[in-house]
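Asks:
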Amino acid sequence: GRTNWIELKDELEADSFEWNGKTVEDGRYEVRITASDERSNTTTTKLTGSRVSEAVVVDNTAPVIKTVPIEKDKKTVTLKLQVSDEFSAIGKVHYTVDSNAEWIGALPDDLVYDTTDEDFTIVIEELEVGEHIIAVRVSDDVGNTTYKTFEVNVTGS
Numbered sequence: 001g002r003t004n005w006i007e008l009k010d011e012l013e014a015d016s017f018e019w020n021g022k023t024v025e026d027g028r029y030e031v032r033i034t035a036s037d038e039r040s041n042t043t044t045t046k047l048t049g050s051r052v053s054e055a056v057v058v059d060n061t062a063p064v065i066k067t068v069p070i071e072k073d074k075k076t077v078t079l080k081l082q083v084s085d086e087f088s089a090i091g092k093v094h095y096t097v098d099s100n101a102e103w104i105g106a107l108p109d110d111l112v113y114d115t116t117d118e119d120f121t122i123v124i125e126e127l128e129v130g131e132h133i134i135a136v137r138v139s140d141d142v143g144n145t146t147y148k149t150f151e152v153n154v155t156g157s
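Encoded structure:
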């Protein structure tokens, strides 16, 4: 990583400063804050102090959805998904069939959203014979979201 500090603001007069994480690449960063009372004191009595934060994670990238072949059995479709994110835990997975306004939540195969890599098995039963579009929406726990659609043809036999 980087070995030198990037100055974001000098001589800040406000009580706070908001750093826009969208302006840097995804990764782990340390933030150093340096404070000084130089304006109120002489050069011989001024004090300066610095503090470095714990690592701050910047994650602006949505998770990735990998699939294995879709399984079909009569009117049942099974999607097996492998979902991953480089920096944040997977937060939510939902799906909908044929652009229905209702999104249905899915649980990871281990039943707990707790890691950056999760496997999902989504079983959709009693589909009508014909073509369908299944849309999957995945978000990490900081809100980055991605979508993937699957076209399936249910033959009923």
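Here full-length UniProt numbering is used: the sequence shown runs in plain steps of one and ends on residue 157. Each residue gets a CB set at the ideal place from its N, CA and C atoms; glycine is no exception.
(1) Would you tell me roughly how many angstroms separate the C-alpha atoms of Trp5 and Arg39, rounded to the nearest one?
(2) Starting from Gly105, follow its DSSP beta bridges and name the residues at the other end.
(3) For Thr115, which residues from the same chain have a beta carbon less than 8 Å from its beta carbon, with the 5 sequence-adjacent residues on both sides left out?
(4) Report the three-state DSSP secondary structure of Lys22 (helix, strand or coil).
(5) Starting from the C-beta of Val138, find all residues in its chain whose C-beta is less than 6 Å away, skip the five residues before and the five after it, and write them out in chain order.
(6) Note down the Cα distance separating Asp98 from Glu151, rounded to an integer number of angstroms.
(7) If contact is defined by three or more beta carbon pairs under 8 Å, each pair taking one atom from either stretch, is the region 16 to 31 in contact with the region 49 to 63?
(8) Take Gly130 as the anchor and find which of Asp119, Val136 and Ser157 has the nearest alpha-carbon.
Replies: Well, looking at it:
(1) 24 Å
(2) His94
(3) Ala89 and Ile90
(4) helix
(5) Pro63, Ile65, Val83, Val93 and Thr146
(6) 10 Å
(7) yes
(8) Ser157
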